[in-house]
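Residue numbers (numbering that gives the first Met the number 0): 0 to 146.
All residues carry an ideal CB built from backbone N, CA and C; glycine is no exception.
These notes are about the structure you will find just below.
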Amino acid sequence: MQLILVLHMDQKVFGLGFHKTGTSTLAAALHKIGYRVCGQQNEKAKELIAEDIDAFIEIAKHYNAFEDDPWFLLFKEMDEAFPESKFILTYRDVDDWYRSCLNHFYDNTTAIRDYIYGDGRPIGNEENFKKFYLNHYHQVVKYFENR
0 MQLILVLHMD QKVFGLGFHK TGTSTLAAAL HKIGYRVCGQ QNEKAKELIA
50 EDIDAFIEIA KHYNAFEDDP WFLLFKEMDE AFPESKFILT YRDVDDWYRS
100 CLNHFYDNTT AIRDYIYGDG RPIGNEENFK KFYLNHYHQV VKYFENR
C-alpha cells in the first residue's frame, strides 16, 4: 500500500507507532524537512501516570512533530487539543516488533513502559507486550477510520 501524505509546517504531526516501529526514522525524516521534533518524555512519567494531560499539551505548544513515548498514547487528547494535526501510525509485524523490543530492552524498563504494560521488561512478557501493541494499533485505526 502506498500512502501520500501532504504535510504543512503549520500543522503538528504526531507519530502514533509504538517504540521499535520506525519512530526514530520518522523523527529523522521530519527533522530533515524542517520540523521541530519532540521525542521521548520519560522524565514526565509522573505526569502521564497522574493523567496530567495539560503538561503534555504545554510541551506540544513548543514543537510541531512528536514521536515515541508517551505521544503515541495520547493520540485522542492531542487530536482534541490540536485538531488540525496529522497523525502517522507506523507499524511492524507483531512478532518482529516483539523480537526487536526483546533485543533492545531485554530486562530493562522505564516508568512509562511499566505504565503501558504493567511490567515494562520484555523478557518473560511476550503475550502482554503483543496484546498491548495490537490493541493500540486497532484503537488508532478505529479512532481515525473515517478520516
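Under the three-state reduction of DSSP output, Phe86 falls in the strand class. In the DSSP assignment, Phe17 is bridged to no other residue.
Using a C-beta cut-off of 8 Å, the stretch 32-39 makes no contact with the stretch 112-131, since fewer than three inter-stretch Cβ pairs fall below that distance. By a beta-carbon distance limit of 8 Å, Thr22 contacts Asp67. Their separation comes to about 5 Å. Between the alpha carbons of Cys100 and Glu126 lies a gap of roughly 13 Å.
Between the alpha carbons of Leu25 and Gly14 lies a distance of about 8 Å. In chain order, Gln10, Lys11, Val12, Phe13, Met77, Asp78 place their CB closer than 8 Å to the CB of Ser84, counting only its own chain and leaving out the 5 sequence neighbours on each side.
By alpha-carbon distance to Thr108, the top candidate from Asp94, Asn124, Ile58, Asp95 is Asn124. Within the stretch 11-63, complete alpha helix (DSSP H) segments of at least 4 residues are found at 22-31, 44-48, 52-59, given in chain order.
Within a 10 Å sphere around the beta-carbon of Asn145 sit fewer than 16 other beta-carbons, which makes this residue exposed.
Around the beta carbon of Asn63, 16 or more other beta carbons lie within 10 angstroms, which makes this residue buried. Taking every protein chain shown into account, the CB of Pro69 has 16 or more other CB atoms within 10 angstroms, so this residue is buried. In terms of CA proximity to Tyr136, Phe86 leads the group His103, Phe86, Ala59.
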